[in-house]
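Each remark here refers to the structure printed beneath this line.
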Amino acid sequence: FSLQERLRYVLGLLLLLHSTDSFYVPGVAPINFHRNDPVEIKAVKLTSSRTQLPYEYYSLPFCQPSKITYKAENLGEVLRGDRIVNTPFQVSMNVEKKCEVLCNFPNKPVTLTVEQSKLIAERIREDYYVHLIADNLPVATRLEFYSNREEEEKKKEKDVQFEHGYRLGFMDGNKFYLHNHLSFILYYHREDVEESQEHTYRVVRFEVIPQSIKLEDLKADEKSMCTLPEATGSAPQEIDPTKENQLLFTYSVHWEESDIKWASRWDTYLTMSDVQIHWFSIINSVVVVFFLSGILSMIIIRTLRKDIANYNKEDDIEDTMEESGWKLVHGDVFRPPQYPMILSSLLGSGIQLFCMILIVIFVAMLGMLSPSSRGALMTTACFLFMFMGVFGGFFAGRLYRTLKGHRWKKGAFCTATLYPGVVFGICFVLNCFIWGKHSSGAVPFPTMVALLCMWFGISLPLVYLGYYFGFRKQPYDNPVRTNQIPRQIPEQRWYMNKFVGILMAGILPFGAMFIELFFIFSAIWENQFYYLFGFLFLVFIILVVSCSQISIVMVYFQLCAEDYRWWWRTFLVSGGSAFYVLIYAVFYFVNKLDIVEFIPSLLYFGYTALMVLSFWLLTGTIGFYAAYMFVRKIYAAVKID
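Residues -22 to -1, 1 to 619 in mature numbering (1 follows the signal peptide of the UniProt record, and there is no 0) are what the sequence shown lists, from first letter to last.
Here it is as structure tokens:
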């Protein structure tokens, strides 16, 4: 390939992936409604990016239906803190409602006790949002604002963006106001039917305009009807946390026809305003990778060819003896490192993570894990990690055998429990804090037991199985024999230090992916939807390539400096980009998030630690295997007496 052809090929691939971005296989079949059919409105949870603690809907004194029923949930939903429950809103397809009182008793206001008022005021101060769903579509608040265009154009065009959920209330000075009136705006798409049949409708968008209206201004009658005041004259409903408060919860329903087809009804939630920036980041990353490949091929291939040619010349052996370089350490380069069991266990977990992430991103890119099937991504990731234990065990076992290990049962146990044990330990400690806050984000005890059963019932046996076969298989053949006596390592220059290596090796892979990282962080910490898996897949491939290239360069320089202790070092140095991810996470916490309390900060840094650890295992494993293949290749190419 010429460079132009390569670039053309890459761009073609990018376009193909971008087209898969907007396409998704819906998680559920569409529901058709006839006129007057009930459209059930359910509540999911309350969230806040300031506290990072979700709460269930009825943790606040909202109006309750006569019978509360919770939806059975999958693993992903439970882990995300969703608790989907029915609400007393009565909404019928294509039936307007001007204003209706929500709680069962007409025109008798709801009285909030001092405790309840305090709680509501605190949640308003913490900036909580309420999330509802109708026909599995999340509610959104429309935000309209004028973009910074020319003055004449301003009158014509507003920029519309959607916010997930609606704000519980707002503050003005030191006073708290609750949104007690909800104006639902539902959009339907009329399906084409034969003339004799009744029209069927599908819900394609669900918006809300929350309002705060004082009790005196809401005039309610015996039939639960109410009249809304004129917009200008009404005062908002204040919640005074020091005394009892009286108020009415009311709602209105408005239906509008829409041209949006059912299949693309999620587009408003998933439209990323800046697709341009992703393209920019990808092209930037591709340039970085080509730049790296160029350096690699020039330095390594030319220098190596020269090295190998020199080493293989029979006649001037005397000169070669005085030379320094990587050939001199041939008798030690495959000497097993310290703690081979731990090294092979970590690499096994790295392989497990690699397989899981690759499959999840690929499947999500094909659109099979769309946000409409809630919690599917999380559930799939958990199960895949368990099942990929076979591959993790196999690679760990084979490497452990190559490193002259004998205790395979202990090695398999270590592989199955080391990384998952750390993850489980951190999550359990964090979970205790979330439990203490009575948040729905706490994993319930039965789910925890189920996860433990999955770990010891599925993952552990599979790791043992893989380890057994890996350990029985022929170990990797090393092309040169190891000497009896270890060679002395000359004093190393300052830039061959481990930490300098980590800093140098981490910067390029991190640079290739940090824009995508920003969007992933926003999705996790600010309740956004992340759905650009086409881009993510590309970034992942670029990450794999750049990690491999960097680790090959680093191990080459290390061996040229006659330091043959490369096993652990390659693993640590290749994971250098995880260090930058950690620094970025701290920067994101300080600059982008508005978290002040202790427990939310603890949660943020606890989960960040898990992400950084997993990322280090992933990139370290990729780099290690690339370097190992490279070292075996170059020593196989030289003749050794």
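Note that beta-carbon positions come from the ideal geometry of N, C-alpha and C, so glycine has one too.
Asked                                                                                                                                                                                      : Found
From the DSSP output, which residues share a beta bridge with T205?                                                                                                                        : K197
F162: which of I528, G143 and F268 sits nearest, CA to CA?                                                                                                                                 : G143
Can the beta-carbon of K305 be found closer than 9 angstroms to that of V616?                                                                                                              : yes
Around the Cβ of K23, are there at least 16 other Cβ atoms within 10 angstroms (buried) or fewer (exposed)?                                                                                : buried
Ends of the beta strand (DSSP E) at Q330?                                                                                                                                                  : First-last for Q330: P318 to M343, but that is the alpha helix (DSSP H), not the beta strand (DSSP E).
Just to confirm, are S529 and A490 a CB contact at a threshold of 9 angstroms?                                                                                                             : no
Quick one: Cα of R(-17) to Cα of S263, how far?                                                                                                                                            : Annotation note: pLDDT 48 at R(-17) (below 50); position unreliable, coordinate value reported separately. Each residue's alpha carbon lies about 15 angstroms from the other.
Pairing CB atoms from the stretch 540 to 557 with CB atoms from the stretch 589 to 603, are three or more of them under 8 angstroms?                                                       : yes
With distances taken Cα to Cα, identify the nearest neighbour of I337 among K570, M366 and I191.                                                                                           : M366
When the Cα of E93 is compared with those of W546, P66, S271 and I217, which residue comes out closest?                                                                                    : I217
I111: buried (16+ other C-beta within 10 angstroms of its C-beta) or exposed?                                                                                                              : buried
Please state if the CB of S322 and the CB of E374 are separated by a distance shorter than 9 angstroms.                                                                                    : Note on identity: in this sequence residue 374 is Ala, with Glu being the wrong assignment. Yes. Within cutoff.
Considering P424, what are the terminal residues of the beta strand (DSSP E) in which it resides?                                                                                          : It is not in any beta strand (DSSP E) - P424 instead sits in the alpha helix (DSSP H) that spans F423 to M432.
Looking at the structure shown, is K291 part of a helix, part of a strand, or coil, going by DSSP?                                                                                         : coil
Using only the alpha-carbon positions, how far apart do S275 and I102 sit?                                                                                                                 : 59 angstroms
Quick one: using the 10 Å Cβ neighbour count with 16 as the cut-off for buried, is F208 buried or exposed?                                                                                 : Looking at the sequence itself, residue 208 is Glu, so the reference to Phe does not match. So E208 ends up on the exposed side.
In whole angstroms, what is the alpha-carbon distance linking L115 and F11?                                                                                                                : 15 angstroms
In the DSSP assignment, the beta strand (DSSP E) including Q139 goes from what residue to what residue?                                                                                    : D137 to H142
With DSSP collapsed to three states, give me the class of Y606.                                                                                                                            : helix
Within a Cβ cutoff of 6 angstroms, which residues of the same chain sit near L438, ignoring the five residues on either side of it in sequence?                                            : A394
Who does I163 pair with in a DSSP beta bridge?                                                                                                                                             : E185 and H232
Nearest to V267 by CA position, among G147, L495, W472 and L521, is which residue?                                                                                                         : L521
What are the complete beta strand (DSSP E) segments, minimum 3 residues, inside the stretch 4 to 30?                                                                                       : 19 to 25
Could you name the residues of the same chain whose beta carbon sits closer than 8 angstroms to that of E300, not counting the 5 residues immediately before and after it, in chain order? : In this prediction, E300 scores a pLDDT of 47, lower than 50, which makes its location untrustworthy; no coordinate-derived value is stated.
Let's test the definition: count the other Cβ atoms within 10 Å of the Cβ of I561 and tell me whether it reaches 16, buried, or not, exposed.                                              : exposed
Can you tell me whether DSSP reads A213 as helix, strand or coil?                                                                                                                          : coil
Please say whether R183 and S230 have beta carbons closer to each other than 9 angstroms?                                                                                                  : no
So M203 and C405 are in contact, right, with Cβ under 8 angstroms, and what is the actual spacing, rounded?                                                                                : Wrong, their Cβ atoms sit about 50 angstroms apart, outside the cutoff.
Identify the residues that DSSP records as bridge partners of Q42: which are they?                                                                                                         : None; Q42 has no bridge partner.
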